[in-house]
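Visitor:
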Amino acid sequence: MPATRKVFTLAMVRKTNSLLLGLKKKGFGEGKWNGFGGKVEKDETVSEGAVRELEEESGLVAKCLRKIGILEFEFAGDPVLLEVHVFDVTHYEGEPVETEEMLPQWFPEDGIPYDQMWPDDILWYPLYLKGTKFKGYFLYQGHDTILEYTLTQVEHL
Ligand code: 6U4
Ligand code: NA
Ligand code: NA
Numbered sequence: 031m032p033a034t035r036k037v038f039t040l041a042m043v044r045k046t047n048s049l050l051l052g053l054k055k056k057g058f059g060e061g062k063w064n065g066f067g068g069k070v071e072k073d074e075t076v077s078e079g080a081v082r083e084l085e086e087e088s089g090l091v092a093k094c095l096r097k098i099g100i101l102e103f104e105f106a107g108d109p110v111l112l113e114v115h116v117f118d119v120t121h122y123e124g125e126p127v128e129t130e131e132m133l134p135q136w137f138p139e140d141g142i143p144y145d146q147m148w149p150d151d152i153l154w155y156p157l158y159l160k161g162t163k164f165k166g167y168f169l170y171q172g173h174d175t176i177l178e179y180t181l182t183q184v185e186h187l
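When the letters of the sequence shown are read in order and numbered with our numbering, they come out as residues 31 to 187.
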């Protein structure tokens, strides 16, 4: 049973038929392609955290955020539950730049590098890409194996 819950953001940046992913250069998820995000701070809302982390990691300033999913991650033997709020970002200012944490790159929607991503991504990206809202729970063993999961489409988050 998880004893503490930590709230994170994940911003998915999209333009026609392509998706911006960042190669995480250090820290949690190092070496994986992922959306942009991080921990929500005490003095900010989840949306504010999403905007701040996206700018810190990619240089982009989000102009519109749409909440599209909530994902919970538990790691076997670890009492911390990660609650990740996923946002779709289609309007933003600026151009992606490499930062200390991330190397951004555009990928075509039919060329997403799932084999170099968190293993849950291949499960929920299809829902995201077709515009369905979703809730998921994933229990990991280490960072590569999903022991069990649930994933459901929802009308509201
Ligand atoms: P600090 O400690 O400040 O460097 P911070 O940037 O706040 O870290 P970080 O990078 O550890 O937080 O946040 C983890 C990021 O990875 C968040 O955007 C959520 C995302 N994430 C975590 N588990 C994930 C998973 N299984 N699948 C996925 N994204 C995940 O697609
Ligand atoms: Na981060
Ligand atoms: Na952070």
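All C-beta atoms in this analysis are idealised placements derived from N, C-alpha and C, irrespective of residue type, glycine included.
With H, G and I counted as helix, E and B as strand and the rest as coil, what does DSSP make of Gly-79?
Guide: Three-state DSSP puts Gly-79 in a helix.
Visitor: Would you kindly work out how many angstroms separate the C-alpha atoms of Asn-47 and Gly-141, rounded to a whole number?
Guide: Distance between the alpha carbons of Asn-47 and Gly-141 is about 10 angstroms.
Visitor: I'd like to confirm something about Glu-83: is its beta-carbon nearer than 7 angstroms to some heavy atom of ligand 5, or not?
Guide: With respect to small molecules bound, the structure shown includes ligand 1, ligand 2 and ligand 3 and not ligand 5.
Visitor: Cβ of Gly-196 versus every heavy atom of ligand 3: is any distance shorter than 7 angstroms?
Guide: Beyond the ends of the chain as shown, which are 31 and 187, falls residue 196; an answer cannot be given.
Visitor: Does the Cβ of Ile-152 have 16 or more other Cβ atoms within 10 Å, making it buried, or fewer, making it exposed?
Guide: Exposed: under 16 other Cβ atoms inside 10 Å.
Visitor: For Phe-58, count neighbouring Cβ atoms within 10 angstroms of its own Cβ and tell me buried if that reaches 16, exposed if not.
Guide: Flag for Phe-58 reads exposed.
Visitor: When we look at the beta-carbon of Thr-39 and count the other beta-carbons within 10 Å, is it buried (16 or more) or exposed?
Guide: Thr-39 comes out buried.
Visitor: Which residues in the same chain as Ser-123 place their Cβ atom closer than 8 angstroms to its Cβ, once the five residues preceding and following it in sequence are excluded?
Guide: The amino acid at residue 123 is misidentified as Ser; the sequence shows Glu. The answer, listed in chain order, is Leu-90, Val-91 and Lys-93.
Visitor: Using the Cα positions of Val-184 and Leu-157, report the straight-line distance between them to the nearest angstrom.
Guide: Their backbone Cα atoms lie some 10 angstroms apart in a straight line.
Visitor: With the cut-off set at 8 angstroms, would you say Phe-164 and Thr-182 are in Cβ contact?
Guide: Closer than 8 angstroms, so yes.
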